[in-house]
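One structure is given below, encoded as structure tokens.
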Amino acid sequence: MPPKRKAAAQTAAEADAEGWDSDDMGALSDQEMYDDLKKNFSIADKKRRTIQRADAASFIFKHDNLDQPLKPDAASRPLWVNDDGKIIMESFNPLFEEAQDFLINIAEPVSRVSRMHEYTLTLHSLFAAVSVGHSSKEIIDRLERYSKVTLGSNVVAFIKKATSSFGKAKIVLKKTLSYIESDDPAILQRLLRDPTVASCRADNTDGLIQEAAPKIGVMAIPGTKMAAGATQIAQTAAAEPQAPVDMIASLREEDDDEDVAKVHSFQIRSESREEVIKRCQQIGLPLTEEYDFNNDEVNANLDIDLKPHAQIRYYQEKALSKMFSNSRARSGIIVLPCGAGKTLVGITAACGVKKSVIVLCTSAMSVVQWRSEFIKWSNINPDDIACFTAESKAVFKGNAGILITTYAMITSVRNRSYDSEKAMDFIRSREWGLLIADEVHVVPAKMFKQVTYAVASHAKLGLTATLLREDDKIGDLNFLVGPKLYEANWQELSEQGHIAKVQCAEVWCQMTPEFYTEWLRSPPSSPKNDIISSLNPNKFQACQFLIDYHEKRGDKIIVFSDNVFALQKYALKLHKAYIYGGTPQNERMRILENFQHNPEVNTIFLSKIGDTSLDLPEATCLIQVSAHYGSRRQEAQRLGRILRAKRRNDEGFNAFFYSLVSKDTDEMAYASRRQAFLVDQGYAFKVITRLEGLNQRTDLAFHTPQERRELLMEICLAKDADVEKEKIEGDAFGSRFANGGRAKKGAGARRTAGTLSELSGGQQMSYIEYNKSRNSEIKGKGVKNAFLRKLNSSTANAKKKAAGGG
DNA sequence: CAGAGAGGAA
DNA sequence: GAAACTCCTCTCTG
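Numbering (our numbering), first residue to last: 20 to 825.
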């Protein structure tokens, strides 16, 4: 305790010396303050996580302030503010809209189901609030106004503490190097006394660098009703002259002697950015990262503007106004559901900054898409867009331009080809105005973290539909990219017709006795078990039934199966096209094209390739037969596949999302975990235990016990063969495939399938037939099955039609 | 264009 | 709770 006290006293003394209100910092050291905050405010979070599993409701009643008396007019106020920072809001309250607009700025949405929304105040959310222009006082006053109960002292103290220290230091980029900058040298001295920060310092001088401070201007977001946007922002600025939008300016007023026009800085190593940002936040001096692009004379301007027809939707505007509020570009993350126009947000941001932009995507395919979207929505000269992928190593010729590439390209640790190395040098050697990170939720992966160090960018914009990971790395994004600036409310968007309305259902399928016996016999959550529950004949029939039903309604249907074995079984048995990782590129294209244009092809089967990496045409119905454990992201991503349906504005139009679940298996538990995110977004999952009319059908697959037994046998043969094959390979081909790794397994599986069909004999006709087509497909040559032939000819027809018509 | 090698997701 | 496992990407090489 004594050393701590000493430290605290020192800090307080320093604070006094530096002319701050020592009350602001309390009697606590930075570390203590942080610990204190964490203690009080992360409890709720932990509780929620642990308790939620046992009981859906009890966590709500822990740690609350139920003993607080309601204000007399509580009924007209929309929300409760809990002393731990949790906020519960009624969505039916007249003040809801107004309160929601405010809450989204200052708190994290946790759950937005139909009647009640839950938010929580966090350090990050409050930092973001301040950086967007809310003052500590305004936050407290407005919360008090909306709250049915008087704000607790904890919450008030938390808000004050979190917001008071904000905006005093910035992280900036000069000549591709990172600097910590402040108007007040004492702040920097204070940061440098922190061992972590000090260890990240790059320049060896003792003193600080001094420069003249830049001016602040006003900007409009392009694509919004330009003028209107500009005046609005100007008005906001005028209406709240002392709002911390001008934190820097107001600080300057405080020590308004001769230091007025000076900023001070020291340099840090680029690779330590994350660490420094994190540390500064921990010690209560969060760094703002803003790019004053209007006054950037060093980097060339890029000639880019939105085309006149590009109209920004209101929520896109809202999101962008967060990013650009004080005429600077602020780093952060924008969360929009798929189909809500993330790309356009990115492009608009690029048009706002008008400097060189680098776009990072997860796949080479979306690189191409980004490029074409840029050309579609903006007047950019196509020569100024360069794609850097395995295929094209172009860089732009001018001084400024847009470079679109993949994460893998930037982070590749292996030796590069000559061209690739040259392009990388180009990327590393220059300053980027804006870095757009598409699918930003992948960035926290160890490898991808590097991109934020390797690419020197003044501002970073992260885009994603699902800010979710099943590991605990999602918080790293706060330091790697920035805080979450905006998160759209899915339900709201679908009510307004920006994305489709979706009916979600979980279909419970009873296991057949044989399948269940076999399921029980194999070890829990083994691959074989997965397949058994995915290929449960009852599920298969339910799937077939639903496909029939929806094809008759004129829906376009996508069926997802994570398990490739099951996928192929389903698709071949039902004579549908399917795509998985091993499907060659041109075949993928052909199938997707047919799905899109050919009225005969209304259903396709996809492995998890369809989650992210395919540019799927519009579909209106989605059936999930097997999935990856409890991945909420996958569920959300899949749902997203039907949100962009063009028919969404038709009267009473609904898209459908079915999860087929085998009863009494692991799938049940996984399904409910998977749905958690969507439920929080306000989707209601209906449970269907019986499909009307299914039992009357005799034409469905696996109708007879004989067929079902055969299916089960195939599964067992295939799976047990897998196990066997591993052994055999270990012996006979051990040396040959010794270093083969994954490739070995793939090759092995194919070969074994071939042998098996011979082994299994004549009574397994269907099996042989399947295997042939499967192999031919995998090899991409040999005899095509009837369906593929048909598909080919229909492609030809479609092409003829297109040629004839156009 | 196949195969190798490396990485991610969960 | 960790670790295996599968599936799928990417890039570079021959």
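Just so you know, even glycine gets a beta-carbon here, dropped at the ideal spot from N, CA and C.
6 Å CB neighbourhood of residue i in its chain, flanking five on each side removed
i	result
Ala147	Pro502
Thr141	Glu127
Lys281	Gln229
Cys523	Phe676, Tyr702, Phe704
DSSP three-state assignment for residue i, whether helix, strand or coil
i	result
Gly152	coil
Cys562	helix
Ser835	The requested residue 835 does not occur in the structure, where the chain is confined to residues 20 to 825.
Cys380	strand
Gly365	helix
Phe445	helix
Val216	helix
Glu458	coil
Leu512	helix
Ile399	coil
Thr139	strand
Gln653	helix
Gly629	helix
Thr483	strand
Glu537	helix
His477	strand
Ala464	coil
Endpoints, alpha helix (DSSP H) assigned at residue i
i	result
Met687	685 to 699
Tyr589	583 to 593
Glu293	292 to 301
Val175	172 to 183
Ser552	546 to 553
Gln330	Where Gln330 is concerned, there is no enclosing alpha helix (DSSP H), given that its DSSP letter is neither H nor E.
Val432	From DSSP, Val432 is part of no alpha helix (DSSP H); its letter is neither H nor E.
Glu489	Where Glu489 is concerned, there is no enclosing alpha helix (DSSP H), given that its DSSP letter is neither H nor E.
His283	Here His283 belongs to no alpha helix (DSSP H); instead the beta strand (DSSP E) covers 281 to 287.
Exposure of residue i, with buried meaning 16 or more beta-carbon neighbours within 10 Å
i	result
Ala703	exposed
His283	buried
Thr723	exposed
Leu356	Correcting the residue identity first, residue 356 is Pro in this sequence and not Leu. By the neighbour-count rule (16 or more Cβ atoms within 10 Å), Pro356 is buried.
Ser545	exposed
Asp490	exposed
Thr425	buried
Pro305	buried
Gln301	buried
Lys846	Examination of residue 846 is not possible in this model, given that the chain is present from 20 through 825 alone.
Tyr437	exposed
Ala688	exposed
Val151	buried
Residue i versus residue j: straight-line alpha-carbon distance, rounded
i	j	result
Gly303	Lys738	56 Å
Ser155	Gly659	37 Å
Tyr334	Lys361	11 Å
Glu726	Pro556	9 Å
Gln510	Lys588	36 Å
Arg663	Leu635	10 Å
Ile366	Thr717	53 Å
Tyr599	Phe614	15 Å
Phe721	Lys558	10 Å
Lys575	Trp99	44 Å
Ser691	Ser645	14 Å
Gly420	Ser411	16 Å
Ile107	Ala94	14 Å
Glu388	Ile455	The sequence given here places Gln at residue 388; Glu does not occur at that position. Roughly 14 Å between the two C-alpha positions.
Span of the beta strand (DSSP E), counted from its first residue to its last, around residue i
i	result
Gly351	351 to 354
Thr424	421 to 425
Ile503	Correcting the residue identity first, residue 503 is Lys in this sequence and not Ile. Residues 503 to 506.
Gln529	Run containing Gln529: none; DSSP gives neither H nor E here.
Chain-order list of residues whose beta-carbon lies under 8 Å from that of residue i (same chain, five-residue window excluded)
i	result
Gly701	Arg131, Val132, Ser133, Asn508, Trp509, Gln510
Gly516	Arg667, Asn668
His647	Asp581, Lys627, Gln653
Contact test: residue i Cβ vs the ligand SAM heavy atom, cutoff 8 Å
i	result
Val583	This structure lacks the ligand SAM, and indeed carries no ligand of any kind.
Own chain partners of residue i with C-beta closer than 7 Å, once the 5 adjacent residues on each side are dropped
i	result
Ser340	Ile240
Val432	none
Asp222	Phe285, Gln286
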